[in-house]
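Working notes, structure below.
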Amino acid sequence: MYPGSDVLRLHVPDNKRAWNLKFEEYYPPNYTSSPVLDQPVWADLPVEKMKRFPKYNELDGKINRKSHQGKYEVLKGLPLNPNGRSGICGRGLLGRWGPNHAADPIVTRWLRDESNKIVYDETTNSPVLQFVAIQRSDSGDWAIPGGMVDAGEMVSATLKREFGEEALNSLEMEEREKSKLQHTINQLFNQGTLVYKGVVDDPRNTDNAWMETCAYNFHDVTGESVGKLQLQSGDDASSVKWMSISSNIKLYANHSTFIRKVALLRKAHW
Ligand code: RP5
111 MYPGSDVLRL
121 HVPDNKRAWN
131 LKFEEYYPPN
141 YTSSPVLDQP
151 VWADLPVEKM
161 KRFPKYNELD
171 GKINRKSHQG
181 KYEVLKGLPL
191 NPNGRSGICG
201 RGLLGRWGPN
211 HAADPIVTRW
221 LRDESNKIVY
231 DETTNSPVLQ
241 FVAIQRSDSG
251 DWAIPGGMVD
261 AGEMVSATLK
271 REFGEEALNS
281 LEMEEREKSK
291 LQHTINQLFN
301 QGTLVYKGVV
311 DDPRNTDNAW
321 METCAYNFHD
331 VTGESVGKLQ
341 LQSGDDASSV
351 KWMSISSNIK
361 LYANHSTFIR
371 KVALLRKAHW
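Quick note on numbering: the working numbering labels position 182 of the sequence shown as 292, and the sequence is numbered without any gaps.
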């Protein structure tokens, strides 16, 4: 079932997923949700209302329609998901035809005991890393506090903005408090490590609209910077916490694959 709807995806066997594989009986349902059809600023027009097709695979004015995964195909004016058939066409809950760009900040610190010593996992003998996780209010899943890159916005700005809004509730802060926080975030977010760039296996993806992200790790080595901040959920997050990283964590979409990369990078327990 497509999220937030009663539209059922058409089953796509693994051996028919790629667009170049023949699948003659492929007639997926066409669905675009009403919030998207209401034409908010973050959404494109329906194809029938367009004066021209978007400039796919290019920077289209301020809108980035390039994929991190290279050039994608366009069929009869509609872009095709680089990961193949999804069992549904249209845009679903996504605003843009083609890639919908997001950014994911993975903020980490070491798990420490009362005497401030780093905790090691007994089975792997590796230090335990924690990351700031939010609970999404749409699906209830725990996730990285990522968000959409606004038209014309730099990814580095999205990473800070989304972390502030979702994990620290910056939208509801007084100006003075906000600028103090901004300073701490700026310092930590100055040096990030890219851990993933590409399509997200997001439940909202369709044949013609899909999520892509840049996920960066920001590691607070001493635990004295962001590691000490008071977390408070805001915007479209209903909860926030430091989550200990291990192979048992269940997260939204394929976020746990990004977290695994961070664990490997930091030589932490997984
Ligand atoms: C995921 O959706 C991305 O990885 C990012 O975490 C998130 C962005 O969408 P919203 O949280 O803004 O809905 O695909």
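Note that the Cβ used here is the ideal one computed from N, Cα and C, for glycine as well.
- Taking 7 angstroms as the cut-off, the C-beta of A253 counts as close to a heavy atom of the ligand RP5.
- A319 places its beta carbon 8 angstroms or farther from that of W152.
- In the three-state DSSP reduction, S366 falls in the helix class (H, G or I).
- Under DSSP, Q292 takes part in no beta bridge, so it has no partner.
- When the beta-carbon positions are compared, N300 and N191 stay at least 8 angstroms from each other.
- Where P192 is concerned, there is no enclosing alpha helix (DSSP H), because DSSP gives it neither an H nor an E.
- Nearest C-alpha to E334 among L361, S236, D124 and Q297: Q297.
- Per DSSP, the unbroken alpha helix (DSSP H) holding L269 starts and ends at V265 to A277.
- The distance from the Cβ of S356 to that of I244 is about 18 angstroms, inconsistent with a contact at the 8 angstroms cut-off.
- Within a 10 Å sphere around the beta-carbon of K181 sit fewer than 16 other beta-carbons, which makes this residue exposed.
- With 16 or more other CB atoms across the displayed protein chains lying within 10 angstroms of its CB, Y326 is buried.
- Excluding five sequence positions before and after L291, the CB atoms of its chain that fall closer than 8 angstroms to its own CB belong to G274, L278, S280, M283 and L339, given in chain order.
- For G202, the three-state secondary structure derived from DSSP is strand.
- Annotation for S144: no beta strand (DSSP E) segment contains it, though the alpha helix (DSSP H) segment containing it runs S144 to L147.
- Relative to the ligand RP5, the beta carbon of A153 is positioned no closer than 7 angstroms to any heavy atom.
- Sequence-distant Cβ neighbours of P313 in its own chain, meaning closer than 6 angstroms and more than five residues away, are P113.
- For S236, no beta strand (DSSP E) segment is defined, and its DSSP state is neither H nor E.
- Annotation for E322: the continuous beta strand (DSSP E) segment containing it runs A319 to H329.
- When DSSP reads this structure, Y182 sits in no beta bridge, so it has no partner.
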